[in-house]
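Protein sequences appear in the order of chains A and B.
Read in order, the letters of the first sequence correspond to residues 3 to 189 in the working numbering.
Read in order, the letters of the second sequence correspond to residues -10 to 418 in the working numbering.
Accompanying notes for the structure given below.
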Amino acid sequence: MTRKSTLRWLPLLSAAAILGACQTTPKPATEAPKTSEAASPADSASGAGSVQPVRRPAPVTGTPLPGTVQDFVINVSDRVFFDVDQYDVREDAAVILERQAAWLKRYPAVQVRIEGNADERGTREYNIALGSRRASAVRDYLVGLGVSPSRISTVSFGKERPIDPGADDEAFRRNRNAHTAIVSGAR
Amino acid sequence: MRMSAAALLIACLVLAGLSGAPSPARAEIEVDVNRGDIRPLPLSIPDFSGDRGGDIARVISDNLGRSGLFAPIDSGGRTAEVSTEPDFAVWKSLGAQALLNGQVNLVDGRLQVDFRLWDTFAGQQLLGLQFTSTPENWRRVAHKISDAVYERLTGEKGYFDSRVVFVSESGGRLNRTLRLAVMDQDGANPSYLTDGSEIALSPRFSASSQEITYMSLRPSGSTVYLLNLETGRRESLGQFQGMVFAPRFSPDGAQVAFAVERNGNSDIWIMNLVNRQSRRLTSDPAIDTSPAFSPDGSKVVFNSDRGGSPQLYVMDASGGGARRISFGEGRYTSPVWSPNGDHIAFTRQSGGKFHIGVMRPDGSDERTLTSSYMDEGPTWAPNSRVLLFSRQEAGGEPRLWTVDVTGRILKPAPYSSGASDPAWSPLIN
Chain A
3 MTRKSTLRWL PLLSAAAILG ACQTTPKPAT EAPKTSEAAS PADSASGAGS
53 VQPVRRPAPV TGTPLPGTVQ DFVINVSDRV FFDVDQYDVR EDAAVILERQ
103 AAWLKRYPAV QVRIEGNADE RGTREYNIAL GSRRASAVRD YLVGLGVSPS
153 RISTVSFGKE RPIDPGADDE AFRRNRNAHT AIVSGAR
Chain B
-10 MRMSAAALLI ACLVLAGLSG APSPARAEIE VDVNRGDIRP LPLSIPDFSG
40 DRGGDIARVI SDNLGRSGLF APIDSGGRTA EVSTEPDFAV WKSLGAQALL
90 NGQVNLVDGR LQVDFRLWDT FAGQQLLGLQ FTSTPENWRR VAHKISDAVY
140 ERLTGEKGYF DSRVVFVSES GGRLNRTLRL AVMDQDGANP SYLTDGSEIA
190 LSPRFSASSQ EITYMSLRPS GSTVYLLNLE TGRRESLGQF QGMVFAPRFS
240 PDGAQVAFAV ERNGNSDIWI MNLVNRQSRR LTSDPAIDTS PAFSPDGSKV
290 VFNSDRGGSP QLYVMDASGG GARRISFGEG RYTSPVWSPN GDHIAFTRQS
340 GGKFHIGVMR PDGSDERTLT SSYMDEGPTW APNSRVLLFS RQEAGGEPRL
390 WTVDVTGRIL KPAPYSSGAS DPAWSPLIN
């Protein structure tokens, strides 16, 4: 992961860290002064003793049910990326496509649509053609791994449906992709 | 969007010259559209007398000013009666080399506009005409007057009585709404043609200016449509196995060329609109797309990466004899033949920038006209003197811009919302 994409996830990660810390030590607020060596905003408000403690609700964790769209997106990954102006399947993409193929074989009712995308550093119609090549390359790869071609359709959005609004190399890298969208048959 | 039938009934009468000369004398003033270093001609267009007179004068003034060939001069509230010879000394003192004056009358419910164009230094009348139409059609009358003045002073046909179809873009950088819209060339009367529920791309006019073809893109695939602006009737070119995109009419309107993708490979096809038979023009394993006919219909210029990168090729409209014409630095896409046949305009990508350029149809005399983060998709004005294209700054939304064929007169188009993929109509008849 590059520096920028790490930064993008940082707020989420730190929020998770805070939640995690709270979960392990659910203490009444009155005990806060005991840990006051480390300055925290709560300390300054702890002077009044009249506040009644309220127990934090117990955490609820979730995980996708097997065979659902969420299972595919989170546990398999639904997008592979391409080099500039290229449509051949890279090694990192091949790893993901192998997982996609295995998942699709496990859930044979699922139909997918491969959506080819291009970055904005090309003109509109050429990028439609380039996105078609990428979608087709992914379809061919999945078929080569044993997924029936009758389960796969393709489309190209060219540069019209970016996933990153940025105008830098990192955004372009993310926008050169093929997205495997589940059309039907997920549990 | 519906054209009034009355719009097509602009009557034209030549007014008798006040100076007694039956036909306009040769002007001493002349505007040379071929010179890039031209100084715009100062001319004055005082408000026409009568109802809508000020509005009509302003539309004409804006048209001529935007061309970059003319510099409208504020008349300082002065008017000039069309029935008498102007006091040339007054207009000369304002710096005006030409004067356009006129008067508007309502005759039996019809709008009648008399106007005269004068050479203030020679003291001569250059043009005296009367246009008649319906009162609600006043803007179109103003465009016809603009064209008459432009033609009289430059010797070239005008381009103001025309429209532009384009893709309206709204809603930010992600999940943009892309819908088809049409407007007059000066940005007036914009209206949407599609509702934005599907992506609409690459609209193109037929030679009649009344029909367009465009591509519609949904998750389930793409469709090429023909849309009649007058009736609102829309029909599909039919079902294709893969993506179908980049449609263009042949000059006679009897055929549409487009790209069809099969198993990742895009080739150029052509459909006869009478019998609906399609024929494949290219069968190369490379990307072939963005076809555009020569104005005589005999050739097609298109985009292909068969040589390793996207370049421009010209072939016979029957499909044979493809030959590369772009040899400069970078990648060439979106070619479009000028209506007069002299040039092919294109988008060129090099050095991290996008450029609009022109070259001769044999690839010679290449010129770069513009440069920015993203300049794309040129279309020609009906007189082959001006190009409209879309420009997008990094992280921004695309806007329409114009540049003249010399590359010296570069301006934002008179439409200030997100827009791309413009296509200029022929002159409306």
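We put the beta carbon where it would ideally sit given N, CA and C, even for glycine.
Identify every residue that forms a DSSP beta bridge with residue i.
i	result
Tyr109 (chain A)	In the DSSP output, where bridge partners are listed per residue, Tyr109 (chain A) has none listed.
Thr202 (chain B)	B:Arg193 and B:Leu215
Asp277 (chain B)	B:Ser293
Lys161 (chain A)	DSSP output for Lys161 (chain A) lists no bridge partner at all.
Asp364 (chain B)	B:Arg380
Asp166 (chain A)	Answer is none; Asp166 (chain A) lacks a bridge partner.
Asn90 (chain B)	B:Arg105
Ser307 (chain B)	Ser307 (chain B) pairs with nothing; no bridge assigned.
Ile188 (chain B)	B:Leu206
Val237 (chain B)	Strictly speaking, residue 237 (chain B) in this sequence is Arg, with Val absent from that position. DSSP lists B:Ala246 as partners of Arg237 (chain B).
Leu116 (chain B)	B:Leu106
Val156 (chain B)	B:Leu169 and B:Ser409
Starting from residue i and walking both ways along the beta strand (DSSP E), at which residues does that stretch end?
i	result
Glu140 (chain B)	Per DSSP, Glu140 (chain B) belongs to no beta strand (DSSP E); it is in the alpha helix (DSSP H), Trp127 to Thr143.
Lys288 (chain B)	Lys288 to Ser293
Ile419 (chain B)	The question about residue 419 (chain B) has no answer, for chain B in this structure spans -10 to 418.
Glu466 (chain B)	Because chain B spans -10 through 418 in this model, residue 466 (chain B) falls outside it and cannot be assessed.
Gly346 (chain B)	Lys342 to Met348
Thr182 (chain A)	Asn179 to Ser186
Ala334 (chain B)	Ile333 to Ser339
Pro35 (chain B)	No beta strand (DSSP E) holds Pro35 (chain B); DSSP gives it neither H nor E.
Ala370 (chain B)	Per DSSP, Ala370 (chain B) belongs to no beta strand (DSSP E) and is neither H nor E.
Gln266 (chain B)	Unbroken run through Gln266 (chain B): none, as it is neither H nor E.
Gln244 (chain B)	Gln244 to Arg251
Leu167 (chain B)	Thr166 to Asp173
Asp351 (chain B)	Segment: none, Asp351 (chain B) is in no beta strand (DSSP E) and carries neither H nor E.
Arg189 (chain A)	Per DSSP, Arg189 (chain A) belongs to no beta strand (DSSP E) and is neither H nor E.
Arg2 (chain A)	Since the first residue of chain A shown is 3 and the last is 189, residue 2 (chain A) is not available in this structure.
Give the secondary structure of residue i by DSSP, where H, G and I count as helix, E and B as strand, and everything else as coil.
i	result
Phe74 (chain A)	helix
Phe174 (chain A)	helix
Pro403 (chain B)	coil
Arg193 (chain B)	strand
Phe435 (chain B)	Since the displayed chain B opens at -10 and closes at 418, residue 435 (chain B) lies outside it and no answer follows.
Val149 (chain A)	coil
Ala69 (chain B)	coil
Ser38 (chain A)	Residue placement at Ser38 (chain A) is flagged as unreliable, the pLDDT there being 40, under the threshold of 50; the coordinate-derived value follows with that caveat. Here Ser38 (chain A) sits in coil by DSSP.
Tyr181 (chain B)	strand
Leu301 (chain B)	strand
Ser155 (chain A)	strand
Tyr321 (chain B)	strand
Ser52 (chain A)	coil
Ser151 (chain B)	coil
Ser82 (chain B)	helix
Leu499 (chain B)	Residue 499 (chain B) cannot be examined here, being either before or after the span of chain B that is shown, -10 to 418.
Ser(-7) (chain B)	Only weak support is given to the placement of Ser(-7) (chain B): the predicted model assigns it a pLDDT of 41, under 50, and the value that follows is read from those uncertain coordinates. Three-state DSSP puts Ser(-7) (chain B) in coil, outside helix and strand.
Leu144 (chain A)	helix
Met232 (chain B)	coil
Ile62 (chain B)	strand
Ile398 (chain B)	coil
Arg312 (chain B)	strand
Asp393 (chain B)	strand
Phe110 (chain B)	coil
Trp413 (chain B)	strand
Arg58 (chain A)	coil
Glu386 (chain B)	coil
Check for me: the alpha helix (DSSP H) holding residue i runs from which residue to which?
i	result
Val213 (chain B)	From DSSP, Val213 (chain B) is part of no alpha helix (DSSP H) but of the beta strand (DSSP E) over Gly210 to Asn217.
Ser50 (chain B)	Gly42 to Arg55
What does residue i reach in chain D if we use C-beta pairs closer than 9 Å?
i	result
Glu172 (chain A)	Although the question refers to chain D, the structure presented lacks it and instead comprises the protein chains A and B.
key: 4 or more residues per run - each alpha helix (DSSP H) lying fully within the stretch 85 to 141 of chain A   = 93 to 108
ask   = Are three or more beta carbon pairs between the stretch 369 to 378 of chain B and the stretch 401 to 414 of chain B nearer than 8 Å?
value = yes
inquiry  = With three or more C-beta pairs closer than 8 Å as the rule, is the stretch 264 to 281 of chain B touching the stretch 164 to 176 of chain A?
reply    = no
task = Mind the definition here: the stretch 183 to 201 of chain B touches the stretch 149 to 156 of chain B only if three or more C-beta pairs lie below 8 Å; say whether that holds.
result = Three or more beta-carbon pairs drawn from the stretch 183 to 201 of chain B and the stretch 149 to 156 of chain B are found closer than 8 Å, and the two stretches are therefore classed as touching.
message = Three or more C-beta pairs under 8 Å: does that hold for the stretch 378 to 388 of chain B against the stretch 136 to 144 of chain B?
response = no
key: Stretch-stretch touch, CB-based, cutoff 8 Å, three pairs: the stretch 53 to 62 of chain A with the stretch 83 to 100 of chain A   = no
query = Do the stretch 148 to 155 of chain A and the stretch 255 to 266 of chain B meet, that is, are 3 or more Cβ pairs less than 8 Å apart?
reply = Segments in contact, no.
ask   = Can you find at least 3 beta carbon pairs, one from the stretch 61 to 80 of chain A and one from the stretch 180 to 189 of chain A, that sit closer than 8 Å?
value = yes
ask   = Counting pairs of Cβ atoms below 8 Å between the stretch 356 to 364 of chain B and the stretch 387 to 398 of chain B, do you hit three or more?
value = Cβ pair count under 8 Å is three or more, so yes.
message = Closer than 8 Å is the cut-off here; do at least three beta carbon pairs connect the stretch 127 to 136 of chain A with the stretch 217 to 236 of chain B?
response = Three or more Cβ pairs drawn from the stretch 127 to 136 of chain A and the stretch 217 to 236 of chain B lie within less than 8 Å of each other, which places the two stretches in contact.
query = Are there three or more Cβ pairs, one per stretch, closer than 8 Å when the stretch 359 to 371 of chain B is compared with the stretch 382 to 390 of chain B?
reply = yes
request  = Evaluate the contact criterion for the stretch 196 to 207 of chain B versus the stretch 107 to 126 of chain A: three or more CB pairs, one atom per stretch, below 8 Å.
outcome  = no
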